[in-house]
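Those protein sequence lines, which keep their order, are chains A and B.
Positions 1 to 413 (my numbering) are the ones given, in order, by the first sequence.
Positions 414 to 704 (my numbering) are the ones given, in order, by the second sequence.
Some notes on the structure that comes next.
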Amino acid sequence: MQGHSTYTPGTAFERWLDRRLPIVGLVHSSFVSFPTPKNLNYFWTFGAILSAMLVWQILTGIMLAMHYTPNDALAFASVEHIMRDVNYGWLLRYGHANGASMFFIAVYVHMFRGLYYGSYKEPREVLWLLGMIIFLLMMATGFMGYVLPWGQMSFWGATVITSLFGAIPVVGQSIVTWLWGGFSVGDPTLNRFFSLHYLLPFMIAGVVVLHVWALHVVGQNNPTGVEPKSTEDTVPFTPYATLKDIFATSVFFVFFAWFIFYIPNYLGDPDNYVEANRLATPAHIVPEWYFLPFYAILRSIPDKLGGVICMFGAIVMLFAVPWLDTSKVRSANYRPLYRWFFWILVIVAIGLGWLGAQEPKDWYVFISRLLTAYYFIHFLVILPLLGLIETPKPLPPSISEAVLAKTGQQAHA
Amino acid sequence: MNANSKRMVLLRQGLLAVGLLVLVMPAVAAAQEAATEGYLPTIVKQSWSFAGPFGKFDKAQLQRGYKVYKEVCANCHSMKFVAFRNLSDEGGPGFTEDQVKTLAAGYKVQDGPNDAGDMFDRPGKPSDHFPSPFANEKAARAANGGGLPPDMSVLAKARSDEKRFPQWLFNAVLQYQEYGPDYIYNLITSYGKEPPVGVTCPTGNYNPAFIGTTPCLAMPQPIQDGSVTYDDGTKPTIDNYARDVSAFLMWTAEPKLEERKETGLKVIIFLIVLASLLYFTKRRVWSNVAH
């Protein structure tokens, strides 16, 4: 892409380094002169918010790991040790546990932003795929992290979810035994989950680098979905986007702080303050809120294997979105029909989340099936068909002209 | 009306219907559940000194609550994550270190093995944790008719009523985090009530506040008016015992509550000031760009 300015090494040291490792130039072109569409709204700040959350989770996580003991007899007590005896241990633990929720809030906003503005379309397919890989890694990390405090919900949540692999024909039970490292969730399970929970965030960080790289090759999408045509349409990343991102991140952290300091246990399950007990099954086993829509899909299918396929299918299907959407127009602002279906999808996703927290009985099951069916129909039928039948609104010739049309009256008044 | 706008109207109506359905579902569900399941625990919210953004524990109340725990609850309930030294920690019941030394010495704590290889009892030290009343789970169950008295260290965070929509939204905004002490208070004060017609407890004791599938729990009424003598003139009633011990158990579950809320206020004020400054800086920088 066309840059606003290029890096010229100033000092003798910079010139020396630039000939050997042009890293300062790389950072400069990626985060300083990188051309950013000038019409981005605040939904585009969630990338920065997510980066901040990743750093936060890794930092608090590393410090928690210094005090935590991954052993089935000691894990629960070591968390209480962190809460009671470690300096600011309560802040680390509440910050990390609620941080996971904030991470998912931000990633869901980020993903729905992508769906609304068609950010996955040509040439950003690989960007979307990398994002989906990050999402999968996040889910695995979040799930395993929830097991570590070794409360009742940790233990039984781990039991329910790992048992899903038992639905695979023939080899299912062997796979489950292999995952557990025994014949039930136990100390070996806790140990490997801790190990992987420590590993995966660094894999996420690696894929984030690829995600940002891909982004900087194709450039950012924007609310019009029209590619920048000249430097008129863009502003340099620094100071424009940098400041806006830092501002949005600090507002997000006010929201985050409310949870850490005032309602730290709001998003958690009280049963997780009861130490894991393999002889006592809790009345309702519920995963963390960010898995609830997928949990509802799992339970809405009467067949175990079918449920597992649908649940994983609901996620895997998202990888194919760039090819399922046949419309050439990116932004839903210019797609009068898709816009409605987008909001229906949002409502359906929230509805599934709510249903995932309820007991699977009576008409809940029926509504779950209805919404599950709709979720798949949206991506597999509506998305491909809409592109063929919809008449999009005329696109603005350029970002600058779209901005002018919006603010022009004010400017001339 | 052309075909396109007709389609839009249909869509709009469809979306409205789906939206309404999603909004109404939880309310219908709650009503239906209440009608079919019959039993929902009755838990009346109480006012607590430690609620809200400026909440602080009432030291005198925690000391009274400790007395109730020690003389009544501790006969069956362990509190293994709490150490005697915590009783003199900042943000707690405010015992002095000397008081804690004396108080800890009043407990018998098992130590060892000594040089002869034997376990032995010695007076407690501030660094010891509260000794458990039973040697193990089996012993606890055997002494309590099969029921297991739960450990009380984090009990006040381990109980919650169902978070129903839309109540759970208000809980987040109003910072409602006191369901644990509310529950413990209600449980202790709800014994001895007449069960409704048709409800019997063949095993256990009737208590309409109990969170479970039935209003029957193994624990009999734990305390009577006058069971514990208060030294500060507070009336020795079940109501006061229940209130004080609930506050005490909130403290054992969340000993850093005051520090957390105080830090939170500073952090949030800092973040709001930072965000405001950033906002104006950002506006200034963007002022020369139409966007």
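Where is the CB? At the ideal position from N, CA and C, for every residue including glycine.
Bear in mind that the values here come from a model prediction, so they are computed numbers and not experimental data.
Looking at the DSSP output, Asn618(B) bridges to Leu630(B). Taking a cut-off of 8 Å for Cβ pairs, the region 54 to 72 of chain A and the region 630 to 647 of chain B do not touch, as fewer than three such pairs fall below it. Identification of residues in the region 665 to 683 of chain B having a C-beta nearer than 7 Å to some C-beta of chain A yields Pro668, Lys669, Arg673, Lys674, Thr676, Gly677, Val680, Ile681, given in sequence order. Per DSSP, the beta bridge partners of Asp534(B) are Gln523(B). Of all alpha-carbon atoms in Gly131(A), Leu243(A), Arg192(A), Phe253(A), the one lying nearest the alpha-carbon of Ala205(A) is that of Gly131(A). Within the DSSP bridge table, the entry for Thr36(A) names Val235(A) as partners. Scanning its chain for C-beta atoms nearer than 6 Å, with the 5 sequence neighbours on each side dropped, one finds around Arg113(A) the residues Phe43, in chain order. No Cβ-Cβ contact shorter than 7 Å links Arg696(B) with Pro270(A). Sequence-distant Cβ neighbours of Cys489(B) in its own chain, meaning closer than 7 Å and more than five residues away, are Pro546, Asn557, Pro562.
Cβ neighbours of Pro123(A) within its own chain (closer than 7 Å, five residues either side excluded): Val218. Taking C-beta atoms as the reference points, Ser398(A) and Asp245(A) fail to come closer than 7 Å. Judged by beta-carbon spacing, Asp657(B) lies within the 7 Å limit of Val481(B), meaning their Cβ atoms are closer than that value. The residue from Pro35(A), Ala12(A), Val107(A), Val24(A) with its alpha-carbon nearest to that of Leu215(A) is Pro35(A).
In the DSSP annotation of this structure, the continuous segment of the alpha helix (DSSP H) that includes Leu690(B) starts and ends at 670 to 699. Residue contact with chain B for Ser250(A): present (Cβ-Cβ distance below 7 Å to some residue of chain B). Taking a 10 Å sphere around the C-beta of Ile23(A), we find fewer than 16 other C-beta atoms and assign the residue as exposed.
By the Cβ neighbour-count rule, Phe183(A) is exposed, with fewer than 16 other Cβ atoms within 10 Å of its own. Within the same chain, Pro188, Thr189, Arg192 come within 7 Å of Gly181(A) by CB-CB distance, once the 5 residues on both sides are set aside. Taking the Cβ atoms as the reference, Pro621(B) lies roughly 5 Å from Pro628(B), within the contact range of under 8 Å. Within the model, the alpha-carbon separation for Trp156(A) versus Asn221(A) is close to 42 Å. Taking one beta carbon from each stretch, the region 78 to 96 of chain A and the region 293 to 309 of chain A have fewer than 3 pairs nearer than 8 Å; the two do not touch. Residue contact check for Glu390(A) against chain B: no CB pair falls below 7 Å.
His542(B) carries a strand assignment under DSSP once its states are collapsed to helix, strand and coil. Inclusion of Val567(B) and Tyr88(A) in the CB contact set at 7 Å is not warranted, their separation being larger than that value. By the Cβ neighbour-count rule, Asn41(A) is exposed, with fewer than 16 other Cβ atoms within 10 Å of its own. Residue ranges of uninterrupted alpha helix (DSSP H) with 4 or more members, entirely inside the region 553 to 604 of chain B and ordered along the chain, are 580 to 586, 592 to 602.
Chain order gives the chain B residues near Asn39(A) as His704, where near means a beta carbon separation below 7 Å. Within 10 angstroms of the beta-carbon of Ala517(B) lie 16 or more other beta-carbons, which makes it buried.
Of all alpha-carbon atoms in Asp528(B), Arg498(B), Gln580(B), Tyr596(B), the one lying nearest the alpha-carbon of Ser460(B) is that of Tyr596(B). Look at Glu390(A) here: in three-state DSSP terms it is coil, with no helix or strand label.
Contact of Tyr692(B) with chain A by beta-carbon distance below 7 Å involves Phe247. Look at Arg572(B): its C-beta is under 7 Å from a C-beta on chain A.
The C-alpha of Trp699(B) is placed about 16 Å away from the C-alpha of Ser33(A). By the criterion of a C-beta distance shorter than 6 Å, Pro608(B) is surrounded in its chain by Tyr619, once the five residues flanking it on both sides are discounted.
Cβ neighbours of Ala73(A) within its own chain (closer than 7 Å, five residues either side excluded): none.
Per the coordinates, the alpha-carbon of Ile367(A) lies some 42 Å from the alpha-carbon of Ala65(A).
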